[in-house]
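At position 326 of the sequence shown the residue is numbered 331 (this note's numbering), and the sequence of numbers has no breaks.
Built from N, CA and C at the ideal position, the CB exists for glycine as well.
Written below as C-alpha cells is the structure these notes are about.
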Amino acid sequence: MPESLLVRGGRVVDATGERAADVLIEAGVVVAVEPGLHGDETLDAAGCVVAPGLVDLHTHLREPGHEEAETIETGARAAARGGFTAVVAMPNTEPAQDDPAVVAAVLAAGARSTCDVRAAGCITRGRRGTDLAPMGELHALGVRVFTDDGACVESAAMMRRALEYAGSLPGAVVAQHAEDAALCEGGHMHEGEWSSRLGIPGRPAVAEVSVVARDCLLAELTGTPVHFLHVSTEGAIALIRDAKQRGLPVTAEAAPHHFTLTDAECASFDPMFKVHPPLRSAADVAAVKIGLADGTIDAIATDHAPHAPETKERPFEEAPPGMLGLETALGLTLTELVEPGVVSLSDALALLSWRPAAVAGLVDHGGPVAPGRPAHLVVFDPAATWTVDPARLASKARNTPYPGRTLTGRVRHTLRAGEPVVIDGEAQR
Ligand code: DOR
C-alpha cells in the first residue's frame, strides 16, 4: 500500500452532513477531510459521492455447504462491487452457524476477503426451533446478530427464552424471519389476486403480520431488541411504526425487491421472482416506501440469496426462493427511491450505511468520514447509468430478477480499511 492515498474531488456525504472535500488516508485510517489535500496516490472522485461504506445486515454467503452457489470470497467480492464494506453473513449454511467452530471458520475466511464479514449466529440449534444455540459462546466470538433466517422462530416460548438470554449479552439483537410456517405451508408466492389467477398456492400477508405483532409484545416484555428481517407487508410496517412510537426496542429492514417488484411479476412463472417473504401487492410496495421514508424501517438490506443456475431452472413451485442483491442495491435505491424523491440522498445512505451499522453494533462502519476513523468508504457516481448484465456480476450465481434493467448510480471505488478493493468498478482481487 502507498504511504498515503487521496480520494480527490468528491462530495463527502455522511451522518453529519455534506461538503466538497478530499479525503486523505494513511495506514487504513482517514487522516484529513478538506479541500486541496495531496497524497502519494490518488483515486479520482470528481462528480462522485464519497460516503461511509455500505453495510448489509442480510447476506447469504453459502459457505460452508453450498459453495457451488457462492463462497465467502465471491460473495465478498460482489459486496465490494456493490459498495458494501461490511456484511452480516446469515447462518443458514450447512452446517449452520450455530457452532463456534463454524462461526470461527466463516470469520477467518471473511478476514481474507474484500469485505468485513460478520457472522450472524443461530438462535436455535440447526435452526430447528427446538433448543437454543450456544448464544453466549457465539457472542464471545463477536456475534451480535442472532437469527434463524430462512426459518421463523415459531414458538413464542422459544422466542421469549432467546430474548431473555440475549438480554444478558451486550449489544445482542434477535432478528426474526417473520413468516408463520403453518400459514405458509405449501405456498410459493404472495396470497392474493395474482396467486388465485395463476393457480400458485399462496403465502398470506397475515403470516408476517401475526409474527411481528407477537414479537413486538415479546420485545416489550423482555426489553431485548428485536430486529425484523425483510419486512414486506403494510400490516407489519404499521405495527412496527406503533411499536416504535411506544418506545419498544424494535428495528426493521426492507429488501430492494420489496420496494421495486410486485407479485404481478410471478405471472411469468419465472423462478427468479420467487423469494421468501414473497413479492407482495402494489399496496404493500407503497407501504414499504412510506416506511423507508418516515423512518419506520431502519435499513435497506439485500437478502442476497445466491442459488446455482440448475436449481433456479426448475419450475416455479420446485425452485428455491431467493434472489441476488449485493450488486444492484445501491442502483435500485438511487433509481427507485432517490430519483423519484421518496427519500433524499443522505437518507438513502443512512438506510444503506449508518443505520444498519448501528443495528448490528458495527462501530467501525457507517462513518462519519472524519480523521481517526477507519477508511471504509464507497465512492459512487450518482448520475452514471448502467444496465444489469447477469454475466458481468461478481457473484458466482446469476439469479438476479433485474437483467436488462437500467439503473442510475454506479459504484466507482470501494475502500476497505484504506485498501481500494474496487477501482473504477473493477474488483482488485
Ligand atoms: O428467499 C429467501 N431465500 N428467503 C430466505 O429467508 C432464505 C433465502 C435463502 O437462503 O435462499
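Within the present structure, is the beta-carbon of residue i separated from the nearest heavy atom of the ligand DOR by less than 6 Å?
i    : result
A310 : yes
G155 : yes
V107 : no
G327 : yes
N97  : yes
H232 : no
V280 : yes
H65  : yes
With distances taken between CB atoms, is the gap from residue i to residue j smaller than 7 Å?
i    : j    : result
A288 : E225 : no
V93  : A84  : no
D27  : P57  : no
E73  : A313 : yes
R421 : D386 : no
G346 : L412 : no
M95  : A125 : yes
T152 : A106 : no
E332 : L253 : no
P311 : H281 : no
V216 : C120 : no
R149 : A113 : no
L184 : T265 : Strictly speaking, residue 184 in this sequence is Glu, with Leu absent from that position. No. Outside cutoff.
L234 : D154 : yes
A389 : R415 : yes
E31  : S9   : yes
G44  : L29  : yes
A101 : G147 : no
A292 : I245 : no
A365 : L62  : yes
R86  : A353 : no
K401 : T79  : yes
V384 : Y407 : no
T316 : V290 : no
S286 : G197 : yes
What distance in whole Å lies between the Cβ atoms of residue j and residue i, which are believed to be in contact at a cut-off of 8 Å?
i    : j    : result
G134 : S160 : 6 Å
P395 : A334 : That pair is no contact at about 16 Å.
V55  : V343 : With a Cβ gap of about 16 Å, V55 and V343 do not count as contacting.
T229 : G172 : 4 Å
L168 : L223 : 6 Å
M277 : N97  : Contact flag wrong, Cβ pair sits at about 20 Å.
H309 : T90  : No, H309 and T90 are not in contact; Cβ-Cβ is about 15 Å, not under 8 Å.
P320 : H195 : Not a contact, Cβ separation roughly 18 Å.
Please state whether DSSP places residue i in a helix, a strand or coil.
i    : result
H144 : helix
Q181 : strand
T265 : helix
M194 : strand
A32  : coil
V205 : In the sequence as displayed, the identity of residue 205 is Ile instead of Val. If DSSP states are grouped into helix, strand and coil, I205 belongs with coil.
R415 : strand
V12  : strand
D121 : strand
G425 : It is Pro, not Gly, that sits at residue 425 in the sequence shown. It is a strand residue.
F321 : coil
L297 : helix
D27  : strand
P379 : strand
P105 : helix
T390 : strand
E258 : strand
E159 : coil
M328 : strand
I305 : strand
L62  : strand
F274 : coil
| query | Does the count of Cβ pairs from the segment 380 to 392 and the segment 124 to 140 closer than 8 Å reach three? | reply | Three or more beta-carbon pairs separated by less than 8 Å are not found between the segment 380 to 392 and the segment 124 to 140, which leaves the two stretches without contact.
| said: Quick check: the segment 31 to 49 against the segment 59 to 77, are at least 3 beta-carbon pairs closer than 8 Å? | reply: no
| query | Are the segment 8 to 16 and the segment 44 to 54 in contact at 8 Å, needing three or more beta carbon pairs? | reply | yes
| task | State whether the segment 265 to 276 contacts the segment 191 to 209, with contact taken as three or more CB pairs (one from each stretch) at a distance under 8 Å. | result | yes
| Quick check: the segment 208 to 221 against the segment 177 to 193, are there 3 or more CB pairs under 8 Å? | yes
| message | If contact is defined by three or more beta carbon pairs under 8 Å, each pair taking one atom from either stretch, is the segment 298 to 306 in contact with the segment 345 to 363? | response | Counting Cβ pairs under 8 Å, three or more are found: they touch.
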